[in-house]
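Chemist: Under my numbering, the first residue of the sequence shown is numbered 2, with each subsequent residue one higher.
For every residue, glycine included, the Cβ atom is placed at its ideal position computed from N, Cα and C.
Below is one structure. I have some questions about it.
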Amino acid sequence: MSEQDNLPLWDGRAGAYEVWFLTFTDQKSGTGYWIRSTVTAPEHGEPYGAVWFACFQQGDPERTFGIHRRYPFPFERPRDPERFDVTVGPARMASGEAEGSVEGDGHVARWNLTWPTGDPTYRLLADAFYRGGMAPTRPYSPNPHTRITGTVEVDGETVAIDSPGQQGHLFGREHAQRWAWAHCSDFLDEEASFQALTAQSRRGQFDTPFVTFVGLQWEGRWIRLSKVHRRKDFSLGMWRGDVGDRRDRL
Numbered sequence: 002m003s004e005q006d007n008l009p010l011w012d013g014r015a016g017a018y019e020v021w022f023l024t025f026t027d028q029k030s031g032t033g034y035w036i037r038s039t040v041t042a043p044e045h046g047e048p049y050g051a052v053w054f055a056c057f058q059q060g061d062p063e064r065t066f067g068i069h070r071r072y073p074f075p076f077e078r079p080r081d082p083e084r085f086d087v088t089v090g091p092a093r094m095a096s097g098e099a100e101g102s103v104e105g106d107g108h109v110a111r112w113n114l115t116w117p118t119g120d121p122t123y124r125l126l127a128d129a130f131y132r133g134g135m136a137p138t139r140p141y142s143p144n145p146h147t148r149i150t151g152t153v154e155v156d157g158e159t160v161a162i163d164s165p166g167q168q169g170h171l172f173g174r175e176h177a178q179r180w181a182w183a184h185c186s187d188f189l190d191e192e193a194s195f196q197a198l199t200a201q202s203r204r205g206q207f208d209t210p211f212v213t214f215v216g217l218q219w220e221g222r223w224i225r226l227s228k229v230h231r232r233k234d235f236s237l238g239m240w241r242g243d244v245g246d247r248r249d250r251l
């Protein structure tokens with residue numbers, strides 16, 4: 002169930018974090034947006050919430066910026082425990098809708114967006130990683146390939162949005178030691194969606210091998226591939242991968 006996998010998982014105990022996010026690119030301008038609400042419950046100290054907003058200017062990279070603001074109370078839980086509706090500071094994210102604002106570093110951002118829900122959740126990891134404590138973070142994509150409409154306002158300039166994108170949800174006790182993630186649902190002349198994640202964790206005094214998971218939704222099915230490797234295949238601004246099985250290869 003799409004929205005079942007968006008429900009808050011944090012039970013109030015220390016040593017956990019949770020994230021809901023939305024990412025999409027305006028098809029007219031090529032400007033990308035990333036909107037994120039988070040809850041962090043550190044081992045020591047009070048829990049807090051945060052709102053993140055990033056604007057990626059394809060045609061003018063110097064105008065790319067991000068805002069991150071913390072708030073003293075984690076979030077407002079929905080009255081109905083079976084409904085996804087979370088508020089962190091001035092930002093609300095619910096089933097098929099997001100609205101809010103954040104300001105910082107000389108920028109002000111506001112958004113009011115909606116999207117259809119109902120498609121099956123895409124789980125980025127293999128099923129075994131969602132049981133027990135195998136993975137330090139469990140990533141979900143409840144709406145992996147949807148259509149986002151509405152408005153985004155940045156520094157007084159409003160943009161009408163009608164673009165493909167995705168909405169995701171993360172929950173875990175800690176971030177991976179190293180990781181890279183990619184998503185695309187805006188292919189030319191193709192109705193497709195791509196997800197990729199590679200990560201390395203820390204176990205005691207040792208780093209685990211990298212584990213890479215790739216998914217391509219194409220022609221009505223998900224092609225899922227994975228591999229385990231020792232060598233890091235990504236750096237800032239670059240990720241070069243080669244993964245396959247007997248039937249498919251990317």
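Any idea what DSSP makes of Arg124, helix, strand or coil?
Modeler: The answer is strand: DSSP assigns Arg124 an E or B state.
Chemist: Residues in its own chain within less than 7 Å of Thr115 by CB, not counting five upstream and five downstream?
Modeler: Excluding residues within five positions, the ones whose Cβ falls inside 7 Å are Gly97, Glu98, Thr150 and Gly151.
Chemist: Report buried or exposed for Gln196, applying the criterion of at least 16 other Cβ atoms within 10 angstroms of its Cβ.
Modeler: Buried, since its Cβ has 16 or more Cβ neighbours within 10 Å.
Chemist: Are at least three pairs of beta-carbons, each pair with one atom in the segment 37-51 and one in the segment 117-132, less than 8 Å apart?
Modeler: No, they do not touch.
Chemist: Grab me the residues of Ala55's own chain with a C-beta within less than 6 Å of its C-beta, minus the 5 sequence neighbours each way, in chain order.
Modeler: Answer for Ala55: Trp35 and Gly67, listed in chain order.
Chemist: Can you check whether the CB of Val89 is closer than 9 Å to the CB of Val266?
Modeler: Because the chain here runs from 2 to 251, residue 266 falls outside it and cannot be looked at.
Chemist: Is Val215 near Gly238, with beta carbons less than 9 Å apart?
Modeler: Not in contact: Val215 and Gly238 (Cβ atoms no closer than 9 Å).
Chemist: Which value, in whole angstroms, describes the spacing of the CA atoms of Asp246 and Val212?
Modeler: Rounded to the nearest angstrom, the two C-alpha atoms are 15 Å apart.
Chemist: Just checking: is the beta-carbon of Ile224 within a distance shorter than 9 Å of some beta-carbon in chain B?
Modeler: In summary, chain B is missing from the structure at hand, where a single protein chain is found.
Chemist: Where do the N-terminal and C-terminal ends of the beta strand (DSSP E) with Phe54 fall, by residue?
Modeler: Start and end: Tyr49 to Phe57.
Chemist: What distance in whole Å lies between the Cβ atoms of Tyr123 and Pro145, which are believed to be in contact at a cut-off of 8 Å?
Modeler: Contact flag correct, Cβ pair sits at about 4 Å.
Chemist: In chain order, what residues of the same chain lie with their CB nearer than 6 Å to the CB of Pro199, ignoring the 5 residues before and after it?
Modeler: Here the sequence assigns Thr to residue 199, which means Pro is not the residue at that position. So the qualifying residues of the chain are Ala181, Phe211 and Thr213.
Chemist: Label Ser236 either buried or exposed according to how many other C-beta atoms from any shown protein chain fall within 10 Å of its C-beta, with 16 as the threshold for buried.
Modeler: By the 10 Å Cβ count, Ser236 comes out exposed.
Chemist: How is Arg222 classed by DSSP in three states: helix, strand or coil?
Modeler: Strand, per DSSP.
Chemist: Classify Ala161 as helix, strand or coil using the three-state DSSP reduction.
Modeler: DSSP places Ala161 in strand when its eight states are reduced to three.
Chemist: How many angstroms separate the CA atom of Glu47 from the CA atom of Pro91?
Modeler: Their backbone Cα atoms lie some 19 Å apart in a straight line.
Chemist: Let's test the definition: count the other Cβ atoms within 10 Å of the Cβ of Arg37 and tell me whether it reaches 16, buried, or not, exposed.
Modeler: Buried is the call here.
Chemist: If you draw a straight line from the alpha carbon of Pro43 to that of Leu217, how long is it in whole angstroms?
Modeler: So the two alpha carbons sit approximately 35 Å from each other.
Chemist: Under 6 Å Cβ to Cβ from Gln28, same chain only, skipping five residues before and after it: list those, please.
Modeler: Counting only Cβ-Cβ distances below 6 Å, and skipping sequence neighbours, we find Ser164.
Chemist: When burial is assigned at 16 or more other CB atoms within 10 Å of the CB, is Met94 buried or exposed?
Modeler: Met94 should be labelled buried.
Chemist: Tell me whether Pro140 is buried or exposed, calling it buried when 16 or more other Cβ atoms sit within 10 Å of its Cβ.
Modeler: With 16 or more other Cβ atoms within 10 Å, it is buried.
Chemist: Would you mind reading off the limits of the beta strand (DSSP E) that contains Asn144?
Modeler: Residues Thr138 to Val155.
Chemist: Reducing DSSP to helix, strand and coil, say where Arg111 ends up.
Modeler: Arg111: strand per DSSP, three-state reduction.
Chemist: Between Ala95 and the ligand ZN, is the CB less than 8 Å from at least one heavy atom?
Modeler: No copy of the ligand ZN occurs in the structure displayed, which carries no ligand at all.
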